[in-house]
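Here the structure is laid out as structure tokens; the discussion comes afterwards.
Numbering (my numbering), first residue to last: 3 to 131.
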């Protein structure tokens, strides 16, 4: 009996489109940042590095969908829940990428809660942060 091959392409999700959106959120967050690390991240990402980030995010989603039953189940949830979960996963992943490649200053320039998948406009006021 042949093993079923799971592909994210069999869903209505568009992981590379979602990845582009998440990377744009990162760029918007870093634009105008004051710290050297955040400025460097913005400059490099806005000059083409964003494409590498989008590709890594899309490839990660494809790979996990193929091999991880729980991830696949989460993305196949009803309504918009699967899409919203993919956005959250990608925000989490890209936060780690920013921290690893550009350091703590760039990571701290991202909106509070972004690393745990929250949408930037869903952020509570920082109250002096």
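For every residue, glycine included, the Cβ atom is placed at its ideal position computed from N, Cα and C.
Terminal residues of the alpha helix (DSSP H) in which residue i lies
i           : result
residue 24  : 17-32
residue 149 : No statement about residue 149 is possible, as the shown extent of the chain runs from 3 to 131 and does not include it.
residue 109 : 106-110
residue 41  : 38-46
Rounded straight-line distance, which links the Cα of residue j to that of residue i
i           : j           : result
residue 90  : residue 23  : 12 Å
residue 41  : residue 6   : 46 Å
residue 38  : residue 54  : 21 Å
residue 111 : residue 119 : 15 Å
residue 27  : residue 122 : 8 Å
residue 76  : residue 50  : 31 Å
For residue i, three-class secondary structure by DSSP
i           : result
residue 76  : helix
residue 94  : helix
residue 101 : helix
residue 115 : coil
When the options are compared against residue i, the one with the closest alpha-carbon
i           : options        : result
residue 56  : 75, 29 and 108 : 29
residue 21  : 115, 68 and 87 : 87
residue 100 : 45, 76 and 12  : 45
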